[in-house]
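Residue numbers (our numbering): 585 to 1101.
Quick reminder that beta carbons are idealized off the backbone N, C-alpha and C, glycines included.
Okay, so here's the structure we're looking at.
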């Protein structure tokens, strides 16, 4: 279809942030809302399609979130332990995990509106469920949620984008895929925004009352990764869409003077399958299942047979997004995750079943080392020595510590203590009960943290002089200043909705004012 010559609000990007902004703009009174994305139909949804669909929100406990979900029976509800996750909890997690470098106004906006934003999505047709399979362990007959997360979309990113597209159709929002933004500037009146797009091989102009940029970061651009994140990042595997190449940053900065802010050297990156995943783009079928997040239950060793992180430093939600960087920094940009029979059964099936991981299984550690050597391990002796040294540290634990119950749903304090230069601070069980399991991982990059400066109340773009740029807004991965070095898991989708909702409302109001003049 040919794109229209004009609209009230134009949204660039078909991920969660873009659809949230478009829906908000339409509900706020914009009569013609158009959403475009340069990706073809089969890649609709941006990186949001590839997520597990987790939303981090402040809540009052089980009674607050149960009305949002449809996958919990009365019998299950009676077994669930879900403590309230307060606004202070959420803010403290952002401060701690982001090294107290998150923009305070942005983080307060995210936290204060997180609950209402998700309830708004649910009312708009986005289906949610309790994330029992990903965020709860059954301990002593109770389903114990951990890490401040309990909500996810029904079928991860796949259902999230399906539901967003259905909501957009219901609201009368026009969506044009395979439509690339070529240029962006203000119209002669200095108030409207004119863009040039390429659709079906033809270039055409669209004049909009307001434009919302939601085109993603630069994680799929090897040159930009190397330039901003540092040497070696060109080797990171791309977890999601290959279309997030950072083009929109350059347009906004060069044409509008938008100000770059935030952690341009930082990103979200995880332990990622090193064998089956395509390193250049995500898999639309496997989606998030190539993530390998079971390291707190075991150990991670590099190809020289050495540990390099404290696997029990924190609950997975608070360090998985920085451990991809740690893996990338290892020799060969790879590592092996190791478990024994005590903990391998606790691994998530969707990530570690044979269809999604090359499982190296053996009845002795020596046999396991030999198998790992066929997949890149260079020093079997060091590999075995590292595991034995770790086991000795576990065996040397004082008797009172050994009596502490192992509990993967809390930071249980079962540590190797001072017996290792690099401890395992929680969940430290010996790796000595066969059969043993290893999986090879690499670094998978999810999204970049650097972005553009916005007004926290409206997500309106700000230029280098600190002045608001008329009629232009920025959300999702393009919004800078919120995350630094790391992030609390599930905050990305929540941010996209919170600021997408704010931007949509502000853009609609701006466009309506122009129309009334």
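Original post:
According to the neighbour-count rule (16 or more other Cβ atoms, all chains shown, within 10 Å of its Cβ), is residue 948 buried or exposed?
Top reply: exposed
Subject >> residue 789 - containing beta strand (DSSP E), residue span >> reply: 786-797
**OP:** Determine, using beta carbons only, whether residue 709 and residue 751 come nearer to each other than 8 Å.
**Re:** yes
Original post:
What runs of the beta strand (DSSP E), each 3 residues or longer, lie entirely inside the region 604-641?
Top reply: 617-620
Original post:
Under a three-way DSSP split, which group does residue 783 fall into?
Top reply: strand
Original post:
Just the Cα atoms here: how many angstroms apart are residue 996 and residue 990?
Top reply: 6 Å
**OP:** Could you pull out every residue in the same chain whose Cβ sits closer than 7 Å to the Cβ of residue 946, ignoring the five residues on either side in sequence?
**Re:** 952, 955, 1019, 1020
Original post:
Between the beta-carbon of residue 879 and the beta-carbon of residue 895, is there less than 8 Å?
Top reply: yes
Original post:
Is the distance from the Cβ of residue 1035 to the Cβ of residue 607 below 8 Å?
Top reply: no
**OP:** Starting from the C-beta of residue 727, find all residues in its chain whose C-beta is less than 8 Å away, skip the five residues before and the five after it, and write them out in chain order.
**Re:** 660, 663, 664, 665, 716, 720, 721
**OP:** Measure the Cβ-Cβ separation of residue 886 and residue 874 and say whether it is below 8 Å.
**Re:** no
Subject >> 8 Å Cβ cutoff met for residue 840 and residue 1045 >> reply: yes
**OP:** Output the distance between the C-alpha atoms of residue 1031 and residue 636, rounded to the nearest integer angstrom.
**Re:** 14 Å
Original post:
Given 8 Å as the limit, is there contact between the region 1070-1086 and the region 682-697, that is, 3 or more CB pairs closer than that?
Top reply: yes
**OP:** Please report the residue range of the alpha helix (DSSP H) in which residue 874 lies.
**Re:** Neither: residue 874 is in no alpha helix (DSSP H) and is coded neither H nor E.
Subject >> Which listed residue (883, 1050, 1025, 1029) has its alpha carbon closest to that of residue 1037 >> reply: 1050
**OP:** Give the secondary structure of residue 672 by DSSP, where H, G and I count as helix, E and B as strand, and everything else as coil.
**Re:** helix
**OP:** Would you grab the beta carbon distance between residue 804 and residue 822 for me? Rounded to a whole angstrom, and I think it's under 8 Å.
**Re:** 5 Å
Original post:
Between the region 784-794 and the region 1065-1072, do at least 3 Cβ pairs fall closer than 8 Å?
Top reply: no
Original post:
Between residue 552 and residue 854, which are expected to be in contact by the criterion C-beta below 8 Å, what is the C-beta distance as a whole number of angstroms?
Top reply: This structure does not reach residue 552, given that the chain is present from 585 up to 1101, and the question cannot be answered.
Original post:
How many Å lie between residue 779 and residue 700 at the Cα?
Top reply: 33 Å
Original post:
What does residue 857 pair with, by DSSP beta-bridge criteria?
Top reply: 1025
**OP:** Could you spell out where the alpha helix (DSSP H) holding residue 667 opens and where it closes?
**Re:** No alpha helix (DSSP H) holds residue 667; DSSP gives it neither H nor E.
Subject >> For residue 921 and residue 960, believed in contact at Cβ under 8 Å, the rounded distance >> reply: Rounded, the Cβ-Cβ distance is 13 Å, inconsistent with contact.
Original post:
residue 712 lies in the beta strand (DSSP E); which residues open and close that run?
Top reply: 712-714
Original post:
Whole-angstrom Cβ separation of residue 930 and residue 992, contact assumed at under 8 Å?
Top reply: 6 Å
Original post:
Helix, strand or coil: which one does DSSP assign to residue 1044?
Top reply: strand
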